[in-house]
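**Student:** Got a structure for you, written out below as structure tokens; questions coming shortly.
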Amino acid sequence: MEMNRRKNQRVGVAPSVPSAASKTRRPAQRRPHAASAEKTGGAIDAGLSSKVLDQAAIALRRLLAFERPADAVLSDHFREQRSLGRRERGFIAETCYAVLRHRRQLERLVQPEVTPRRLLLACLLRYSGFGLRQLAGLLLPGEQDWLLALRSAAETDCADCSLAERLDLPDWLTERLSARHTEAELVELARGLNRSAPLDLRVNLLKTTRDEVLRQLAATGIKASACPYSPWGIRLEGKPALQQHPLFLQGHIEVQDEGSQLLGALLAPRRGEMVVDFCAGAGGKTLLLGAMMRSTGRLYAFDVSSKRLAKLKPRVARSGLSNVHPVCIDNENDVRVKRLAGKIDRVLVDAPCSGLGTLRRNPDLKWRQTAQDVAELVRKQQDILAAAARLVKPGGRLVYATCSILDEENAGVVDHFLAGHAAFQRLDAAAILAQQGILIDCGMDMRLLPHVHGTDGFYAAVLERGK
């Protein structure tokens, strides 16, 4: 059940920041925003002034308390500072997120005086393409000499650092990931997770085609290309604001990571079927499933949050779907769930999870999550999967998915379920995708990783109930 998650974002709504989810909700696709602040090999195409640097330091101080999701903290900050322009907000958001991505390395570099301002300056110099000459006019007395020394120290890199420090990950998370990955693989995985994510769109095939959307985007000066795997996916260059674009307003596109789109292909709903999106949230995958069903049959969107489901309604209206039925439930054992037992053709369980596969968009999660949080989530995931399975009719399909990269939230939950539910068997996820023309090396259970597939980290297992 998506207990406390925001799974889909509005498009291009200020503040332009990634969605950093709470500990039990799926982080969402990043909103379009101003030019990305984290680049390599060049300065940032964004204005930087003493005012903006000061505002970034204030925002970062709030973020480093790790009391709330980062997007909520920045949203509040930007509401308080309405004089900031769109590019300034984008710069502050991206630079603060860059600090969160590289927090361990930056804190090591600026010790013993670890302040938000110093973290920002070190980040701009080391990770964001700024040179000392560009920063000179913003520096306080003594800061230029400090940055010169820091630059020299940075050149020695991190020879005496632990693996976790080199990866810019918490110790506990590095230990968990080391059980599956070699050190070389971990380095590549961490590098992928510590990059800023691209912006992916999903085309609503009820209304248009991918080629037509690409043509219209190009006509309005937006550079884009087809995603490599999803037949509905488009990847944008940069982060243009789309909230007033006709394609968005007319329901032709939605923001959705390519990996998330592939969950629809794994469930593969058909015309006229009864389908349940068990953890629907604001309905990004619900809309995809409804379009795959060609707006026929009956598609239930379950969630425990009426606020999240309220966000689904205008999206359904834009999409042109007529088969979506949002249902707010109390929990996974709600009577409105139980009455559908054994009647549903296909059930998607996009479970609440740590969200650690979305660190490209939500770098604060690696500092806010703990091993204890994950253990609590695993128990919840087991309960939700068992409850959702009761809905599946004989011969029906059940897909369990997370945006986590931890085995205990993924295969561990599925193995636990199968040990107690002999009526279900695993299907080959890669083969199911290949049958639809989606050729991707993802394994028996689908495992997607940013450095391998260019998506967020995703896991999905396809289960079938025996006839």
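Position in the sequence shown counted from 1, then plus 17, gives you the working numbering.
All residues carry an ideal CB built from backbone N, CA and C; glycine is no exception.
The structure displayed is predicted, hence computed values, not measured ones.
Give me the residue from Arg85, Glu105, Glu97, His94 with the minimum Cα distance to Leu70.
**Tutor:** That would be Glu105, whose Cα lies nearest to the Cα of Leu70.
**Student:** State the beta-bridge partners of Glu290 as determined by DSSP.
**Tutor:** BP columns for Glu290 are empty, so no partner.
**Student:** Ile270 bridges to which residues according to DSSP?
**Tutor:** Its beta-bridge partners are Val220.
**Student:** Return the first residue and the last residue of the beta strand (DSSP E) that Ser242 is part of.
**Tutor:** First-last of the beta strand (DSSP E) with Ser242: 241 to 243.
**Student:** Pick from Leu259, Pro215, Leu266: whose alpha carbon is nearest that of Ser242?
**Tutor:** Taking only the C-alpha atoms, the option nearest Ser242 is Pro215.
**Student:** So for Val419, helix, strand or coil by DSSP?
**Tutor:** Residue 419 is actually Thr in this sequence, not Val. Note: Thr419 maps to strand in three-state DSSP.
**Student:** Could you give the residue range of the alpha helix (DSSP H) that holds Arg118?
**Tutor:** Start and end: 103 to 118.
**Student:** Tell me which residues share the same chain as Gly58 and place their Cβ nearer than 7 Å to its Cβ, disregarding the 5 neighbours each side in the sequence.
**Tutor:** In this predicted model, Gly58 has a pLDDT of only 34, less than 50, meaning its place in the structure is not dependable; the value taken from the coordinates is given anyway. Gly146, listed in sequence order.
**Student:** According to DSSP, is Phe441 part of a helix, a strand, or is it coil?
**Tutor:** Phe441 falls in the strand class under three-state DSSP.
**Student:** Would you call the CB atoms of Leu423 and Val391 closer than 8 Å?
**Tutor:** Yes, they are a contact pair.
**Student:** Starting from Ile251, trace the beta strand (DSSP E) in both directions and tell me its first and last residue.
**Tutor:** Unbroken beta strand (DSSP E) run through Ile251: 250 to 253.
**Student:** Count the other CB atoms, across all protein chains shown, that sit within 10 Å of the CB of Asn348; report buried if there are 16 or more and exposed otherwise.
**Tutor:** Exposed is the call here.
**Student:** Just reading off the alpha helix (DSSP H) that Leu466 is part of, what are its end residues?
**Tutor:** Run containing Leu466: none; DSSP gives neither H nor E here.
**Student:** Would you identify the three-state DSSP class for Glu481, choosing helix, strand or coil?
**Tutor:** The answer is strand: DSSP assigns Glu481 an E or B state.
**Student:** For the alpha helix (DSSP H) holding Leu402, just list the boundary residues, first then last.
**Tutor:** From DSSP, the alpha helix (DSSP H) with Leu402 extends over 388 to 406.
**Student:** Could you tell me whether the Cβ atoms of Ala170 and Leu184 are closer together than 8 Å?
**Tutor:** Not closer than 8 Å, so no.
**Student:** Would Glu202 and Leu180 be called neighbours here (beta carbons separated by less than 8 Å)?
**Tutor:** Result no, Cβ atoms of Glu202 and Leu180 do not sit closer than 8 Å.
**Student:** Look at Leu253 and Val230 and say whether their C-beta atoms are less than 8 Å apart.
**Tutor:** No; because the gap between Cβ atoms is not below 8 Å, this pair is not in contact.
**Student:** Can you give the Cα-Cα distance for Leu149 and Arg134, rounded to whole angstroms?
**Tutor:** Approximately 15 Å between the Cα atoms of the pair.
**Student:** For a test of the three-state rule: what should DSSP assign to Ala51, helix, strand or coil?
**Tutor:** For Ala51, the pLDDT reaches just 36, beneath the cut-off of 50, and the residue's location in the model is therefore unreliable, leaving the point undetermined.
**Student:** Please list the terminal residues of the continuous beta strand (DSSP E) segment that includes Arg363.
**Tutor:** Here the beta strand (DSSP E) through Arg363 covers 361 to 367.
**Student:** Per DSSP, what kind of secondary structure is Gln26 in: helix, strand or coil?
**Tutor:** Note on Gln26: pLDDT 37, under 50, position unreliable in the model; the coordinate value appears next. Coil, per DSSP.
**Student:** Alpha carbon to alpha carbon, how far is Glu481 from Gly412?
**Tutor:** About 6 Å.
**Student:** Beta carbon of Ala477, beta carbon of Leu280: below 8 Å?
**Tutor:** Yes. Within cutoff.
**Student:** Ignore the nearest five residues each way along the sequence and tell me which others in Gly276's own chain have a CB closer than 6 Å to its CB.
**Tutor:** For Gly276, where only same-chain residues beyond five positions count, the Cβ hits under 6 Å are Leu465, Thr472, Asp473, Phe475.
**Student:** Helix, strand or coil, according to DSSP, for Arg99 in the structure here?
**Tutor:** DSSP places Arg99 in coil when its eight states are reduced to three.
**Student:** With DSSP as the reference, label Asp93 as helix, strand or coil.
**Tutor:** Asp93: helix per DSSP, three-state reduction.
**Student:** Using the C-alpha atoms, what's the distance from Phe319 back to Glu124?
**Tutor:** So the two alpha carbons sit approximately 43 Å from each other.
**Student:** For a test of the three-state rule: what should DSSP assign to Val131, helix, strand or coil?
**Tutor:** In the structure shown, Val131 sits in coil (DSSP, three-state: anything other than H, G, I, E or B).
**Student:** Helix or strand or just coil, what does DSSP make of Asp473?
**Tutor:** Note: Asp473 maps to coil in three-state DSSP.
**Student:** Reducing DSSP to helix, strand and coil, say where His198 ends up.
**Tutor:** Reduced to three states, the DSSP call for His198 is coil.
**Student:** In three-state terms, what does DSSP make of Asp228?
**Tutor:** In the structure shown, Asp228 sits in a helix (DSSP, three-state: H, G or I).
**Student:** Run through DSSP, which three-state label would Arg150 get?
**Tutor:** In the structure shown, Arg150 sits in a helix (DSSP, three-state: H, G or I).
**Student:** For Ala139, which residues of its own chain have a beta-carbon under 7 Å away from its beta-carbon, when the five flanking residues on both sides are left out?
**Tutor:** Cβ within range, chain order: Leu123, Leu126, Val127, Leu167.
**Student:** By how many angstroms is the C-alpha of Asn340 removed from the C-alpha of Arg232?
**Tutor:** Spanning the two alpha carbons is a distance of roughly 29 Å.
**Student:** Is it buried or exposed, Asn427, if we count other Cβ atoms within 10 angstroms and call 16 or more buried?
**Tutor:** The residue in question, Asn427, is buried, as its Cβ has 16 or more Cβ neighbours within 10 Å.
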